[in-house]
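Residue numbers (UniProt numbering): 1 to 692.
Glycine included, each C-beta is placed from N, C-alpha and C at the ideal position.
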């Protein structure tokens, strides 16, 4: 998942820090300067903003106001020990006892830190910007050491060293996963304040700054701080991890009224949590209800990070484990650091009396207004309307958990006047242009396989300042196609649509689908035609799917085609199934083979049936259209397969395109003789090779 990061805007952290140390100066970022443009594009903060370095922020909180008015003209004054001399020599301060002066000198030497006593989900509090979604994502990040040590690289080297203050250059760097690659973002340590207080994301401890600096790097990547106003927690988690995010609409699925759905969802989320995934949730709100408090203590339109998913043992002592009674609970954190759920299983609720002290200690139950609380999972499904589940897909072979095979494709929706070259055809509602979109083919080689598909567009936040920050409405459709297809689809009517995602204006659209063995095509698109944009398609299967983009429309005309021939027609055959086959053993294990001009396609074996449903497709580009197409039915055996009958098709343009039920016949000279059973199929032939 992780790779060497690309330097954002060609700013190399190690080189810039080296330059600052050599010049004995603190870093000042020219790419993200201390100006209004870095703060907002439309709505300024409510007050006069001063950009201050962490050491200055710390000192300003401690130095009396009348000292600062007289002696602190700039940040550099406060960083310098000259201020001490100034204080001592000033006639106002001569009245101060020596103890007070020495105390002030000691406070100035007390430096701030990147981390204080490690990193925790409790470190963070939301600021003035409505970016609870980002703070919730940071809370989730803090729970994953492997992730935050990637996002905050070389954290020990970046940490302030009181023994070697000369190594501090006022520069930090953070890494984010941006559209398929890790990007290293450099920032200086100047942070926006109003009245000496940080105005955006900050830690509970006033000398800890990792969250404020991380947010600054993310704001730089997004264009400015205001661009972080309103967003999606799942998107931020993806930027921290490269995860695949799945949006779950709890309201649309009506989980709270279906206990079976609730139980299945809990098991799914428990599995995600146990495997290191990240979960967040929120309650839908109208514009006037954003961050409105509910009677139950929850907040509408507000992002919560899920910090635990557990089956909690009920009872006291060892009997709790022998009785084997558990209840599904979920723990969350409010980015405000306060305001908690006050219903069942809240901090001081009576329900906790049903849980033994050992189990409560294991869960870390505390009774304090710290923003973290437990809920019964049924209540969670009842009150919350949306959840973002971020899957950290395991592609490593060295693991005890399920591994996935990943294929990543980058593409774009582009416009062209020639239909065969146009790649922005809109969704399936636009039947004339839909198949003009990019197409990606993949194979399911197991009898049945779960396939994960993620379509992600480029982040648009950086374009908010020019009024173009909205996501495109995107989605995709999956079709089961011919087993031997190698060229782009041109006719949607002859194909089977097995899955269509929702079309939403989200950065990522995700679906999971269980598919039988066969060949499939994914068609990503925007909702409407002629909408341009970039996308990243990720496909996960249990084994290699051979996923690849289809760019060719038909077989290429080669220089030797004049001698070997070139196709004059294309035929598509769809074998639905067979009935009444000859009984070869207790039942039968039939399959079909479709042959044309020396090429053949074989279906999967349908076990224990004499009335198989094959749903097999094949396509042939025919150099000699007068040669017939043969469909043979066989029975699979351990030693030798047995012939059950065949049909011979002309594949003529005059043939009916409607489904046909044909009697099976023998081979060779006896092919006029019938055999038990019939086969149902459909064949379509065209002379225009780009019609199918």
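C-alpha distance - residue 342 paired with residue 353, whole-angstrom precision: Taking the chain shown and counting its residues from 1, one reaches residue 342 at position 342. Taking the chain shown and counting its residues from 1, one reaches residue 353 at position 353. Residue 342 and residue 353 have their C-alpha atoms some 16 angstroms from each other.
For residue 527, the three-state DSSP class (helix, strand or coil): Indexing the chain shown from 1 puts residue 527 at position 527. Coil, per DSSP.
Validate contact between the region 649-661 and the region 517-537 using beta carbons, cut 8 angstroms, 3 pairs: Of all C-beta pairs linking the region 649-661 to the region 517-537, fewer than three are shorter than 8 angstroms, placing the two stretches out of contact.
Endpoints, the beta strand (DSSP E) within which residue 447 is located: Locating residue 447 in the chain shown gives position 447, where the first residue counts as 1. That run of the beta strand (DSSP E) goes 439-457.
Rounded separation between residue 547 and residue 596 - CA only: For the purposes of this step, residue 547 is taken as the residue at position 547 of the chain shown. For the purposes of this step, residue 596 is taken as the residue at position 596 of the chain shown. Rounded to the nearest angstrom, the two C-alpha atoms are 26 angstroms apart.
Residue 563 CB to nearest heavy atom of the ligand GDP below 8 angstroms: Questions concerning the ligand GDP fall outside what the structure shown contains, since it holds no ligand whatsoever.
Delimiting residues of the beta strand (DSSP E) encompassing residue 676: Residue mapping note: residue 676 aligns to position 676 of the chain shown, counting from 1. Looking at the DSSP string, the run of the beta strand (DSSP E) that includes residue 676 is 674-686.
Between the CA atoms of residue 46 and residue 40 - distance to the nearest angstrom: The count along the chain shown starts at 1 and reaches residue 40 at position 40. The count along the chain shown starts at 1 and reaches residue 46 at position 46. In a straight line, the C-alpha of residue 40 is about 12 angstroms away from that of residue 46.
At least three beta-carbon pairs within less than 8 angstroms, the region 618-637 to the region 680-692: The region 618-637, when compared against the region 680-692, does touch it at the 8 angstroms Cβ threshold.
Extent of the continuous beta strand (DSSP E) to which residue 238 belongs: Residue 238 sits at position 238 when you count from the first residue of the chain shown. Per DSSP, residue 238 belongs to no beta strand (DSSP E); it is in the alpha helix (DSSP H), 233-241.
Those runs of the beta strand (DSSP E) which lie wholly inside the region 524-602 and span at least 3 residues: The qualifying runs are 533-541, 548-550, 569-579, 590-596 and 599-602.
Neighbour-count burial assignment, residue 293, 16 or more Cβ in a 10 Å radius: As a working note, residue 293 is residue 293 in the chain shown. Label assigned to residue 293: exposed.
Validate contact between the region 433-452 and the region 194-211 using beta carbons, cut 8 angstroms, 3 pairs: Not touching, per the Cβ criterion.
For residue 480: DSSP bridge partner residues: Here residue 480 corresponds to residue number 480 of the chain shown, with the count starting at 1. DSSP lists 496 and 520 as partners of residue 480.
C-alpha distance - residue 506 paired with residue 448, whole-angstrom precision: By 1-based counting over the chain shown, the position of residue 506 is 506. By 1-based counting over the chain shown, the position of residue 448 is 448. Take the alpha-carbon of residue 506 and the one of residue 448: they are about 30 angstroms apart.
Counted within 10 angstroms of its Cβ, other Cβ atoms place residue 476 as buried (16 or more) or exposed: Here residue 476 refers to the residue found at position 476 of the chain shown. Counting other Cβ atoms within 10 Å of its Cβ, residue 476 reaches 16 or more and is therefore classed as buried.
Burial state of residue 240 (16 or more Cβ within 10 Å): Taking the first residue of the chain shown as 1, we reach residue 240 at position 240. Flag for residue 240 reads buried.
For residue 49 and residue 81, the rounded distance between their alpha carbons: Against the chain shown, residue 81 aligns to sequence position 81. Against the chain shown, residue 49 aligns to sequence position 49. Per-residue confidence for residue 81 stands at a pLDDT of 39, beneath the threshold of 50, marking its modelled position as unreliable; no derived number is given.
Span separating the alpha-carbon of residue 494 from that of residue 674: Within the chain shown, numbered from 1, the residue matching residue 494 stands at position 494. Within the chain shown, numbered from 1, the residue matching residue 674 stands at position 674. Cα to Cα, residue 494 sits roughly 30 angstroms from residue 674.
Cβ-based burial, residue 13 [other Cβ within 10 Å; buried from 16]: Position 13 of the chain shown holds residue 13. Under this definition residue 13 is a buried residue.
Nearest-angstrom Cβ-Cβ length linking residue 390 and residue 278, presumed shorter than 8 angstroms: Position 390 of the chain shown, counted from the start, is the residue given in the question as residue 390. Position 278 of the chain shown, counted from the start, is the residue given in the question as residue 278. The pair is a contact, with the Cβ atoms about 4 angstroms apart (cut-off 8 angstroms).
Element boundaries [alpha helix (DSSP H), containing residue 333]: Here residue 333 is taken as the residue at index 333 of the chain shown, counted from 1. Premise fails: residue 333 lies in the beta strand (DSSP E), 326-333, not in any alpha helix (DSSP H).
Straight-line gap, residue 467 to residue 360 (C-alpha atoms, nearest Å): As a working note, residue 467 is residue 467 in the chain shown. As a working note, residue 360 is residue 360 in the chain shown. A direct Cα-Cα distance of roughly 51 angstroms separates residue 467 from residue 360.
Close-in-space but distant-in-sequence residues of the same chain around residue 273 (CB under 8 angstroms, 5 per side omitted): Mapped onto the chain shown, residue 273 falls at position 273. Within the same chain, residue 273 has close Cβ partners 279, 306, 308 and 309.
Contact under 9 angstroms by Cβ, residue 695 with residue 487: The chain is shown from 1 up to 692; residue 695 falls before or after that span and cannot be answered.
Cβ-based burial, residue 618 [other Cβ within 10 Å; buried from 16]: Position 618 of the chain shown, counted from the start, is the residue given in the question as residue 618. Around the beta carbon of residue 618, a 10 Å sphere encloses 16 or more other beta carbons of the protein chains shown; the residue is thus reported as buried.
Span separating the alpha-carbon of residue 144 from that of residue 159: Translated into the one-based positions of the chain shown, residue 144 becomes position 144. Translated into the one-based positions of the chain shown, residue 159 becomes position 159. Rounded to the nearest angstrom, the two C-alpha atoms are 19 angstroms apart.
C-alpha distance - residue 225 paired with residue 212, whole-angstrom precision: Start at 1 with the first residue of the chain shown, and residue 225 comes out as number 225. Start at 1 with the first residue of the chain shown, and residue 212 comes out as number 212. Approximately 11 angstroms, taken between the alpha carbons.
Neighbourhood of residue 613 by C-beta, 8 angstroms cutoff - its chain only, sequence neighbours within 5 removed: As a first step, residue 613 is located in the chain shown; it is residue number 613 there, counting from the start. Contacts found: 576, 577 and 606.
Nearest-angstrom Cα separation, counted from residue 199 out to residue 163: Locating residue 163 in the chain shown gives position 163, counting from the first residue. Locating residue 199 in the chain shown gives position 199, counting from the first residue. Straight-line Cα distance between these residues: approximately 30 angstroms.
Cβ pair residue 586, residue 611 closer than 9 angstroms: On the chain shown, position 586 is the one that residue 586 refers to. On the chain shown, position 611 is the one that residue 611 refers to. No, the pair does not count as a contact, with Cβ atoms beyond the cut-off.
Nearest-angstrom Cα separation, counted from residue 452 out to residue 573: Along the chain shown, read from residue 1 onward, the residue named residue 573 stands at position 573. Along the chain shown, read from residue 1 onward, the residue named residue 452 stands at position 452. Going from the Cα of residue 573 to the Cα of residue 452 covers about 29 angstroms.
For residue 526, the nearest candidate out of 545, 512, 503 and 541 (CA to CA): As a position in the chain shown, residue 526 is number 526, starting the count at 1. Looking at the Cα atoms, 503 is the closest of the given residues.
Residue environment, residue 30, which counts as buried when at least 16 other CB atoms sit within 10 Å: Position 30 of the chain shown holds residue 30. Per the 10 Å Cβ criterion, exposed.
Spatially closest choice to residue 139 from 339, 270, 371 and 328, by CA coordinates: Counting from one through the chain shown, the residue named residue 139 turns up at place 139. Ranking the options by Cα distance to residue 139, first place goes to 371.
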